[in-house]
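First comes the structure, then the notes that go with it.
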Amino acid sequence: MTTTIHTSPVRADAALTLSGVLASALPHDLHTAQGPTRYTVPAVFSRRPQPREIDLLRGSGVRQELADAGYSHIDLSVSDRRLLIGNTNLAELKSGLAHLVGNILAGVSAQASKERQDRTEELDALGMVEEQRLEFLRQAAAEIHFD
Numbered sequence: 003m004t005t006t007i008h009t010s011p012v013r014a015d016a017a018l019t020l021s022g023v024l025a026s027a028l029p030h031d032l033h034t035a036q037g038p039t040r041y042t043v044p045a046v047f048s049r050r051p052q053p054r055e056i057d058l059l060r061g062s063g064v065r066q067e068l069a070d071a072g073y074s075h076i077d078l079s080v081s082d083r084r085l086l087i088g089n090t091n092l093a094e095l096k097s098g099l100a101h102l103v104g105n106i107l108a109g110v111s112a113q114a115s116k117e118r119q120d121r122t123e124e125l126d127a128l129g130m131v132e133e134q135r136l137e138f139l140r141q142a143a144a145e146i147h148f149d
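So for the sequence shown, our numbering puts the first residue at 3; every next one is plus one.
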């Protein structure tokens, strides 16, 4: 018997969020005597981040926001559909860093969405101007008679 699971595709314009920590990718020796106290925690994105969102996550604004909140030692990077939260640990994430990262992602997602919307409106306006220009030329050409 074959089981088919139907999932709805996540829209590219949906807010970028994190669905959770990928526990299977944590260091294998966590909570042992030899285990690291700080490590990279991989978190799974709700969808593939767009290039502009990745640029914003790598930007100085995000680094400053982390530093202002007391997390200047944290490094955020993107690998495919994962946010890699470097130089941290699960306890630090639980005690407030996860909330901050969620807020940062919400801001990045909103900014990228606004920029896309602004660009779309600008292109629509330019398209309207071009259509008016072409209509003017059609009308001007139609007024030319060779009789």
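For glycine and all other residues, C-beta sits at the position ideal for the given N, C-alpha and C.
From residue 138 to residue 84, what distance separates their C-alpha atoms? 51 Å
Residue burial classification, residue 105 (beta-carbon count within 10 angstroms, cutoff 16): exposed
Reference residue 111, options 54, 24, 95, closest by Cα: 54
7 Å Cβ shell around residue 89 - same chain, five flanking residues per side excluded: 40, 75, 76, 77
In whole angstroms, what separates the C-alpha of residue 146 from that of residue 130? 25 Å
When burial is assigned at 16 or more other CB atoms within 10 Å of the CB, is residue 16 buried or exposed? exposed
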